[in-house]
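Input: a single structure, listed below in structure tokens.
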Amino acid sequence: MQQQVILASQSPRRKQLLEWAEVPFTIVVKETAETYPESMAIAEVPVHIARQKALAVREQLQSEKPAVDSPVILAADTVVVLGKRIIGKPKSRQDAIDTLTDLAGQRHDVITGVVILHQEKEISFYDVTHVEFHYLSADEIAFYVDKYKPYDKAGAYAIQEWIGVVGIKSIEGDFYNVMGLPVSRVVRALKDLSVL
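Quick note: the sequence shown uses the working numbering, first residue -14, plus one each step.
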């Protein structure tokens, strides 16, 4: 029996990936502070933020319809890591250019944390993809930032856009994880919960 999933994300990429996987879902988003303890291991950071998103949506749904059965809530968060540094979403054009300049010619990690809440159960995990960029010129970086405006993207890029098509030298791991959701692992987790 398929049960509708609540996607606690307004990311168009996560929406698209769930649609491609033919997972029935609706979107409910509650703004949360994307903060984490400074001592937290880097790989746990996106899981922690995803959990905050999922819990905030569950609380909102329970306050609106307390008698309704507990829905399946799926939340995710993606971080880009260069060395030991988490690179968030760029705050400005110059910030995006600086970020991509740092990533050019380097290998970095993209880590997506996933949390699924269903009744009293929580499934949480993270997936890591290693991405290496070719060297990118200042002109190429400025062209990408000005045309695609990647201000809502961790690491200031989307792998499915021009910069990924021409700038990625190698990928180890799940391509879709870099887009924002390790969708095959998510589908398997939903099947384990007998949601799909």
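A virtual CB, placed ideally from N, CA and C, is assigned to each residue, including glycine. Only a predicted model underlies this, so the values are computations on that prediction, with no experimental measurement involved.
Paired residues, beta bridge with residue i - DSSP
{"i": "Val151", "result": "According to DSSP, which records beta bridges pairwise, Val151 is partnered with nothing at all."}
{"i": "Lys106", "result": "His103"}
Closest by C-alpha distance to residue i, when choosing among the options
{"i": "Phe128", "options": "Pro(-3), Thr86, Arg173 and Val65", "result": "Thr86"}
{"i": "Tyr136", "options": "Lys76, Glu157, Val171 and Ser155", "result": "Lys76"}
{"i": "Met164", "options": "Thr114, Leu121 and Leu175", "result": "Thr114"}
{"i": "Glu7", "options": "Val(-10), Glu23, Thr20 and Pro22", "result": "Val(-10)"}
{"i": "Asp94", "options": "Phe118, Lys0, Ala81 and Lys176", "result": "Phe118"}
{"i": "Leu46", "options": "Glu23, Gln79, Ile34 and Ile12", "result": "Ile12"}
{"i": "Phe160", "options": "Leu(-8), Ala(-7), Arg(-1) and Gln(-12)", "result": "Arg(-1)"}
{"i": "Thr84", "options": "Leu121, Ser48 and Phe110", "result": "Leu121"}
Residue burial classification, residue i (beta-carbon count within 10 angstroms, cutoff 16)
{"i": "Asp124", "result": "exposed"}
{"i": "Lys38", "result": "buried"}
{"i": "Pro199", "result": "It is not possible to answer for residue 199, since the shown part of the chain is limited to -14 through 181."}
{"i": "Ser(-4)", "result": "buried"}
{"i": "Arg70", "result": "exposed"}
{"i": "Asp177", "result": "exposed"}
{"i": "Asp131", "result": "exposed"}
CB contact below 7 Å: residue i versus chain C
{"i": "Ala139", "result": "Among the chains in the structure shown there is no chain C, since it carries only a single protein chain."}
Integer Cβ distance of residue i from residue j, believed to fall under 8 Å
{"i": "Gly73", "j": "Ala139", "result": "6 Å"}
- Message: Between the stretch 97 to 113 and the stretch 52 to 66, can you find at least three pairs of beta-carbon atoms closer than 8 Å?
- Response: Output reads yes: the stretch 97 to 113 touches the stretch 52 to 66.
- Query: Would you say the stretch 90 to 101 touches the stretch 14 to 32, given that touching needs at least three Cβ pairs under 8 Å?
  - Reply: Result yes; three or more Cβ-Cβ pairs closer than 8 Å.
- Given 8 Å, three or more beta-carbon pairs between the stretch 36 to 48 and the stretch 9 to 22: Contact between the stretch 36 to 48 and the stretch 9 to 22 is present, because at least three Cβ pairs lie under 8 Å.
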